[in-house]
Amino acid sequence: MAAMATGRPPFEDVQPTPPSQTTTYATLFNSNTINPKQSALINSKTIAKSIEIFHGEPTITFSMEERQDFMIEEGLHQAVVFKLSHGAPDLKVLGSILPKHLGTKGNCLIDILAPRQLLLRFDQYENYVLALSRTVNYLLYNGEEHQCRVFPWSIGYNPKEETSLVVVWISLPNLSPDLFAKKSLLSIASTVGKPIAIDKATQIKSRPSTTRVKVILDLMEKLPNRISL
């Protein structure tokens with residue numbers, strides 16, 4: 003199984019499991035008014051974590067499952083980091099040109115994460131995948147090219163450190179045609195990373211010799227040389 007990064011071929015979104023609540027961060031941000039009664043009701047039902055004292059300091063512990071729930075609540079499960087080179091346009095300018103540059107549509111919240119780093123939260127999964135297809139590229143503004151990188155935001159991300167996450171297409175040659183089923187491909191691809199898209203040729207069954215799945219890899223983790231089916 004060979005991993006290789008290419009351009010941006012058509013793909014099928016690998017939709018994540020939707021959160022149990024229907025209210026999303028996008029609908030909350032898009033609300034023009036806040037209902038005080040609703041706000042008070044939400045607060046009254048929120049149960050705070052217990053506080054423990056360790057070495058004289060108040061300590062609160064959150065499990066990874068809880069942090070993943072927080073991530074979904076804040077719209078960070080479909081968020082990317084947009085890292086810019088020196089001399090790039092300011093946030094106001096980027097807010098108007100980034101959607102066109104990334105080829106995305108729909109709502110996108112853009113915030114400053116750190117100097118020369120923006121946090122982009124998409125309300126549509128397709129736009130999240132499209133943005134990650136532009137891993138390393140150049141942003142053209144006022145006749146000048148500014149190098150930029152796009153990579154997925156993750157829990158524990160530190161703006162001062164280089165991320166170990168990369169987005170690549172992995173190729174699965176000589177796979178039995180019955181294993182081209184979506185569940186099969188996602189299961190196989192998940193042994194090396196998080197699958198986020200399946201290429202168009204696989205969807206329309208025009209290339210039975212091989213299939214490709216786009217995945218998010220963590221280069222700090224040990225990747226298997228082979229898997230058994």
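For the sequence shown, my numbering assigns the number 3 to the initial residue and increments by one for each residue that follows.
Where is the CB? At the ideal position from N, CA and C, for every residue including glycine.
- Nearest Cα to ILE218 within the set GLY77, LEU167, LEU225 and LEU181: LEU167.
- Excluding the 5 residues flanking it on each side, VAL215 has same chain C-beta neighbours closer than 6 Å at ILE172, LEU187, ALA191, PRO197 and ILE200, in chain order.
- In terms of CA proximity to TYR127, PRO154 leads the group PRO154, LYS207, GLU147 and ALA183.
- With 16 or more other Cβ atoms inside 10 Å of its own Cβ, LYS85 counts as buried.
- In this chain, the beta strand (DSSP E) harbouring ALA81 covers 81-86.
- When secondary structure is reduced to three states using DSSP, TYR130 falls in the helix class.
- Note: PRO179 is not bridge-paired with any residue in the DSSP secondary-structure output.
- Under the three-state reduction of DSSP, PHE56 is assigned to strand.
- With fewer than three CB-CB distances shorter than 8 Å, the stretch 176-186 does not count as touching the stretch 106-124.
- Taking C-beta atoms as the reference points, THR61 and GLU54 count as a pair closer than 9 Å.
- In this structure, GLY108 places its C-beta atom within 9 Å of the C-beta atom of ASN129.
- As a beta-bridge residue in DSSP terms, ILE114 pairs with LEU120.
- Rounded to whole angstroms, the gap between the alpha carbons of LEU132 and ILE112 is 16 Å.
- Of the other Cβ atoms in all chains shown, 16 or more fall within 10 Å of the Cβ of PRO101; this residue is therefore buried.
- By DSSP's assignment, ASP71 forms no beta bridge with any residue.
- Looking at the DSSP output, VAL95 sits in no beta bridge, so it has no partner there.
- Per the coordinates, the alpha-carbon of PRO210 lies some 21 Å from the alpha-carbon of ARG228.
- Excluding residues up to 5 positions away in sequence, THR193 and VAL194 lie with their Cβ nearer than 7 Å to the Cβ of PRO226 in the same chain.
- LEU96 and ILE157 have their C-alpha atoms spaced approximately 25 Å apart.
- Taking C-alpha positions only, LYS162 is separated from ILE74 by approximately 24 Å.
- Within the same chain, and ignoring the five residues on either side of MET222 in sequence, the residues whose Cβ sits closer than 7 Å to its Cβ are SER166.
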